[in-house]
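Chemist: Can you read through this structure? Questions will come right after.
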Amino acid sequence: MTKVLVRPEMEGFKPYSPGLSIDEIKKRYGLPRVVKMASNENPLGTSPVVQERLRNVSSLAFRYAQAGSPALTEALAVHLGVPASCVVAGNGSDEIIDLLLRVVARPGVDNVVAFNPCFSIYDVQSRLCGVEFRQARLNADFSFPFDKLLSLTDENTALVFVTNPDNPSGHACPASDLVALAALLPKRALLVVDEAYVDFAEPLEAYSMLPHLGEIPNLVVLRTFSKMYGLAGLRLGYGVMPEWLADLLLRVKLPFSVNILAEQAGLAALDDDIFVSQTLLVVSEGRRLLERELSAMGCKVWPSQANFLMFEPPMDARTLFEALLAKGVIIRPLGSYGMPEKLRVSIGNEEENLEFLAKTAEVLRDHD
Ligand code: PMP
């Protein structure tokens with residue numbers, strides 16, 4: 001067989017590993033119903049307002065979207081109080097991460113710096129771009145060691161990623177710490193603050209970097225519609241960045257990566273204040289409940305400003321994870337983040353939270 005020549009980065013390339021799907025687990029265990037609390041999706045599902053908009057615009061599916069999603073970009077600009085020329089919408093914020101790397105990082109020359117552990121797409125896409133990926137280990141309490149991060153940067157550092165609130169720990173630092181970090185980075189490095197979960201941080205004003213865009217020339221803020229707006233399956237995210245950079249991203253982006261239904265859903269979601277406030281309430285109450293009850297069961301739980309909790313059970317984490325799967329509850333093991341003794345659970349709705357707690361209590365009791 002002829003061996004086709006491929007890029008050296010492809011040798012043993014490990015892809016992003018997503019959470020297990022409901023269908024997979026239903027089939028594996030012959031279960032009629034499965035609860036998924038593994039991918040930090042919205043506990044209320046898809047907003048009824050968005051569902052109605054999708055029904056109304058479904059006949060438009062035959063049309064190409066407008067390249068660059070101008071209607072959504074304008075609406076986001078108004079919503080966020082930033083110029084539309086600074087906003088780039090993408091096929092999930094994953095696409096913006098990929099575009100940033102492709103536009104600014106020179107293969108074989110540049111490096112990208114992030115914490116360890118971190119959201120694995122930074123690493124996967126950096127390797128794909130032929131760029132060195134450097135990581136600074138988080139402090140033992142999962143706070144951010146900015147001095148270590150800075151010590152890994154040099155004149156070839158293209159991007160520095162900080163997830164705030166962080167995934168998978170839920171830890172968040174005040175925006176003022178990131179403003180201070182930005183001032184210390186090498187001049188050419190872009191500081192990319194991934195705010196996928198910032199909507200759940202309390203109070204938002206203390207954590208979001210958006211108000212600092214004007215004063216920090218190399219700042220990029222990433223946001224997503226996958227979490228608070230409940231649109232993970234439609235794939236919609238965006239980045240807010242300096243105009244010159246937005247212009248470059250729009251030039252290389254595949255023109256229709258944000259499809260026409262996703263754009264309409266995004267527009268409807270931005271206007272749906274009721275769904276947003278219900279989501280925030282359910283997440284905030286659920287987070288308190290799960291934190292209290294898991295702690296009462298002897299789990300170590302880390303404080304979280306996101307819509308998930310990281311915890312360490314008083315038994316083998318993998319065994320608990322597998323036992324929960326067999327009982328129809330999917331959560332996330334953190335072995336792929338280098339933490340096999342820890343688990344992450346997304347905040348569900350009230351019924352899901354109670355089911356997860358009851359089944360976790362059963363497994364812990366049976367294990368004693
Ligand atoms: N950043 C972080 C930290 C995430 O956890 C996720 C989702 N898992 C994303 C970005 C990607 O979000 P999207 O669905 O918009 O691609």
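Each step along the sequence shown adds one to the number in UniProt numbering, with nothing skipped, and position 321 is 321. Glycine included, each C-beta is placed from N, C-alpha and C at the ideal position. Note that the structure is a prediction, hence the values are computed from the model and not measured.
What does the alpha-carbon distance come out to for the pair Asp194 and Arg251?
Modeler: 22 Å
Chemist: What would DSSP say about Arg106, mapped onto helix, strand or coil?
Modeler: Residue state, collapsed to three classes: coil.
Chemist: Counting along the chain, where does the alpha helix (DSSP H) carrying Asn353 start and finish?
Modeler: Glu350 to His367
Chemist: Can you name the start and end residues of the beta strand (DSSP E) that Val78 belongs to?
Modeler: Taken as a continuous stretch (DSSP letters only), Val78 belongs to no beta strand (DSSP E), being part of the alpha helix (DSSP H) at Pro70 to Leu80.
Chemist: Would the C-beta of Asn167 count as close to the ligand PMP, meaning under 6 Å from any of its heavy atoms?
Modeler: yes
Chemist: Report the three-state DSSP secondary structure of Glu293 (helix, strand or coil).
Modeler: helix
Chemist: So what does Ala114 bridge to, in DSSP terms?
Modeler: Gln135.
Chemist: Considering only residues of the same chain and omitting the five flanking positions on each side of Leu232, which have a CB-CB separation below 6 Å?
Modeler: Residue identity differs from the one stated: residue 232 is Ala in this sequence, not Leu. Glu41 and Ser226.
Chemist: Nearest-angstrom Cα distance between Gly30 and Asp123?
Modeler: 36 Å
Chemist: In whole angstroms, what is the alpha-carbon distance linking Arg7 and Tyr238?
Modeler: Using only the alpha carbons, I get a separation of about 29 Å.
Chemist: What would DSSP say about Glu312, mapped onto helix, strand or coil?
Modeler: strand
Chemist: Report all residues from its chain with a CB closer than 8 Å to the CB of Val4; omit the five preceding and five following residues, and keep chain order.
Modeler: none
Chemist: Could you spell out where the beta strand (DSSP E) holding residue 373 opens and where it closes?
Modeler: Outside the modelled stretch of the chain, which goes from 1 to 368, sits residue 373, for which no answer is possible.
Chemist: So, for Ala296: in the same chain, excluding its five sequence neighbours on each side, which residues have a beta-carbon less than 6 Å away from its beta-carbon?
Modeler: none
Chemist: So within the region 163-229, which uninterrupted alpha helix (DSSP H) runs reach at least 4 residues, ignoring any that extend past its ends?
Modeler: 175-184 and 204-207
Chemist: In whole angstroms, what separates the C-alpha of Gly214 from that of Ala175?
Modeler: Between Gly214 and Ala175, the C-alpha separation is close to 14 Å.
Chemist: According to the neighbour-count rule (16 or more other Cβ atoms, all chains shown, within 10 Å of its Cβ), is Gln264 buried or exposed?
Modeler: buried
Chemist: Starting from the Cα of Lys359, find the closest Cα among Ile331, Phe275 and Lys327 and give me that residue.
Modeler: Lys327
Chemist: Cβ atoms of Ala105 and Gln135: under 7 Å apart, would you say?
Modeler: no
Chemist: Quick check on this structure: which residue in Gly335, Pro340, Met339 and Val329 has the alpha carbon closest to the alpha carbon of Ser346?
Modeler: Val329
Chemist: Alpha carbon to alpha carbon, how far is Ser85 from Pro186? Give it in angstroms, no decimals.
Modeler: 25 Å
Chemist: Enumerated in chain order, which unbroken segments of the alpha helix (DSSP H) with a length of 4 residues or greater are wholly contained in the region 241-268?
Modeler: Fully contained in the region 241-268 are the following alpha helix (DSSP H) runs of length 4 or more, in chain order: 243-252.
Chemist: Can you check which of these residues, Arg127, Val301 and Asp368, is closest to Lys14 by C-alpha distance?
Modeler: Arg127
Chemist: Thinking C-alpha only, which one of Val109, Leu181 and Ala323 is nearest Glu155?
Modeler: Val109
Chemist: Pull up the distance between the alpha-carbon of Met241 and that of Pro303, whole angstroms please.
Modeler: Each residue's Cα considered, the two are about 30 Å apart.
Chemist: For the region 51-70 against the region 286-295, are there 3 or more C-beta pairs whose distance is under 8 Å?
Modeler: No: fewer than three Cβ pairs fall under 8 Å.
Chemist: Return the residue from the list Phe256, Asn91, Leu261 and Val78 that minimises the CA-CA distance to Ser59.
Modeler: Leu261
Chemist: Please state whether DSSP places Phe161 in a helix, a strand or coil.
Modeler: Looking at Phe161 - three-state DSSP - the assignment turns out to be strand.
Chemist: Nearest-angstrom Cα distance between residue 374 and Val363?
Modeler: In the structure displayed, the chain extends from 1 to 368; residue 374 sits before or after that span and is not available.
Chemist: Check for me: the alpha helix (DSSP H) holding Ala326 runs from which residue to which?
Modeler: Looking at the DSSP string, the run of the alpha helix (DSSP H) that includes Ala326 is Ala317 to Ala326.
Chemist: Considering only heavy atoms of the ligand PMP, list every residue whose Cβ is less than 5 Å from one of them, following chain order.
Modeler: Gly92, Ser93, Asp94, Phe119, Thr163, Asn167, Asp194, Ala196, Thr224, Ser226 and Gly237
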